[in-house]
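Structure first, then comments.
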Amino acid sequence: MNRKRVATIWCEGCSGCHMSFLDMDERLVDLIKKGMELSASPLTDLKVPPFETDIGIIEGSVATDTQEEEVKIMRERCKIIIAIGDCAVFGGIPTMRNKFKLQELYNRVYNEAETNQNKEIPNEEISKLLEKVKPVNEVIDVDYYIPGCPPTPDAIYEVLSKLLEGKEPELKGKLLSYE
1 MNRKRVATIW CEGCSGCHMS FLDMDERLVD LIKKGMELSA SPLTDLKVPP FETDIGIIEG
61 SVATDTQEEE VKIMRERCKI IIAIGDCAVF GGIPTMRNKF KLQELYNRVY NEAETNQNKE
121 IPNEEISKLL EKVKPVNEVI DVDYYIPGCP PTPDAIYEVL SKLLEGKEPE LKGKLLSYE
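Laid out in structure tokens, this is it:
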């Protein structure tokens, strides 16, 4: 059997999309039988796959310089990129930050916040915020989109299953219904 490496990363979001991925339950075994090999994910603590990968799944919007670099590496190393969830597809809730200037946010958090009495500013090890939070497709080319907050396990399964079978996935009808 020809195995296909699948890697996932989690950018700016709540991890609900990865929870939906795990909520496929027994169908994860079915995907493994169809040839899926999960090579990198937040579960393995690999930020990006260290080698060429067939399918890359990106959850969350892009809000930091580190996340921007990670999604670019994913595009370089993955034959197919899937943006999963409303944050990755549209920008989602994290884009609410775009209503403010970055300096205003820093000032509020580090100079005015009651919880930061020492007015400590993060050190260089912490990722720098981008001026604007972006959906993934504003940083790299995306091949497939699975919207939803979070997307249903059925929608995720449908797309991965078809890709593993070498077929073109198509999301429509109940797969795009969120009750």
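Residue numbers (our numbering): 1 to 179.
Yeah, the Cβ is synthetic: ideal placement off N, Cα and C, and Gly gets one too.
Values in this document were obtained by computation on a predicted structure and should not be read as measured data.
Whole-angstrom Cβ separation of residue i and residue j, contact assumed at under 8 Å?
| i | j | result |
| --- | --- | --- |
| S61 | V159 | Between V159 and S61 the Cβ distance is about 20 Å, and since that is not below 8 Å, they are no contact. |
| I157 | I82 | Sequence check: residue 157 is Tyr here, not Ile. So it is not a contact: roughly 12 Å between Cβ atoms. |
| P135 | G13 | Not quite, the Cβ-Cβ distance comes to about 11 Å (not below 8 Å), so this is no contact. |
| K34 | E165 | 7 Å |
Out of curiosity, what's the CA-to-CA distance linking residue i and residue j?
| i | j | result |
| --- | --- | --- |
| L175 | N118 | 49 Å |
| G91 | S15 | 14 Å |
| K232 | K4 | This structure leaves residue 232 out entirely; the chain is present only between 1 and 179. |
| E68 | S161 | 28 Å |
| I9 | V142 | 14 Å |
| K47 | R27 | 25 Å |
| V89 | K101 | 23 Å |
| D25 | G173 | 22 Å |
| D65 | L130 | 6 Å |
| D23 | P151 | 11 Å |
| R139 | S41 | Arg is not the amino acid found at residue 139; the sequence shown has Val there. Approximately 20 Å between the Cα atoms of the pair. |
State buried or exposed for residue i, treating a residue as buried only when at least 16 other CB atoms are found within 10 Å of its CB.
| i | result |
| --- | --- |
| P122 | exposed |
| F21 | buried |
| T44 | exposed |
| L163 | buried |
| I126 | exposed |
(request) Indicate whether the contact test is met: 3 or more Cβ pairs, each with one atom in the stretch 162-176 and one in the stretch 99-117, closer than 8 Å. (result) no
(message) Three or more C-beta pairs under 8 Å: does that hold for the stretch 49-61 against the stretch 70-88?
(response) Three or more beta-carbon pairs separated by less than 8 Å link the stretch 49-61 to the stretch 70-88, which places the two stretches in contact.
(request) Would you mind listing the alpha helix (DSSP H) stretches within the stretch 27-91 that are 4+ residues and don't spill past its ends, in chain order? (result) Here the runs fully enclosed are 27-33, 65-77, 86-90.
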